[in-house]
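Each remark here refers to the structure printed beneath this line.
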Amino acid sequence: MKKLFVYYSLNGSGDAVAEYLSQNGYDTRKVITEKPMPKSFFLQIMKGGFAAGIGKKEKLSGFDPDLSGYDEVVIGSPVWNGRISPPVNTVISSLDLTGKDVSFILYAGGGEAPKAVEKLSALFPGAPVTVLKEPKKYPEELEKLKL
214 MKKLFVYYSL NGSGDAVAEY LSQNGYDTRK VITEKPMPKS FFLQIMKGGF AAGIGKKEKL
274 SGFDPDLSGY DEVVIGSPVW NGRISPPVNT VISSLDLTGK DVSFILYAGG GEAPKAVEKL
334 SALFPGAPVT VLKEPKKYPE ELEKLKL
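Residue numbering for the sequence shown follows my numbering, beginning at 214 and increasing consecutively.
This is the structure:
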């Protein structure tokens, strides 16, 4: 069974999850935006949080939506303003997940993301959603992943 982790990472938490999953048999595919986020953390919060709050999508650079050959797809997103990130909104709307085992990994500063979990549960009933608290800072959070 071939497994893929598609993810966005701004500050390294998604990369930490990707490294962990790659050591456990997953292929990884990082999403890159056409326009980079501002360098300032304050501006990242303002821009990203607002965009996430209104469900905005972000243009991606070189994104390959082809999932042929994969049985399991895990999608990873940071949580901004309690919601999934705009790049991952684009990923979700771009992928044909028909017939795939789908799950989600969210990485949140506070370790909780009820609005994001609620949205994903509505869009993908029955798909598992795991929320990790800053896995780059707290690597022990990766132990919550059921592989």
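In this text, a Cβ means the ideal position worked out from N, Cα and C, and glycines have one as well.
Check	Outcome
Alpha helix (DSSP H) containing T246: first to last residue?	Premise fails: T246 is in no alpha helix (DSSP H) and is neither H nor E.
Please state the DSSP three-state secondary structure of I305.	helix
Looking at the structure shown, is P291 part of a helix, part of a strand, or coil, going by DSSP?	strand
Please state the DSSP three-state secondary structure of A321.	strand
Using only alpha-carbon positions, find the residue among L310, G322 and I305 that is nearest to Y283.	L310
Whole angstroms are fine: how far does the CA of V301 sit from the CA of N237?	23 Å
Helix, strand or coil for D314 per DSSP?	strand
Tell me where the beta strand (DSSP E) around K346 begins and ends.	V342 to K346
Taking the straight line between their C-alpha atoms, what separation do you get for M250 and D314?	31 Å
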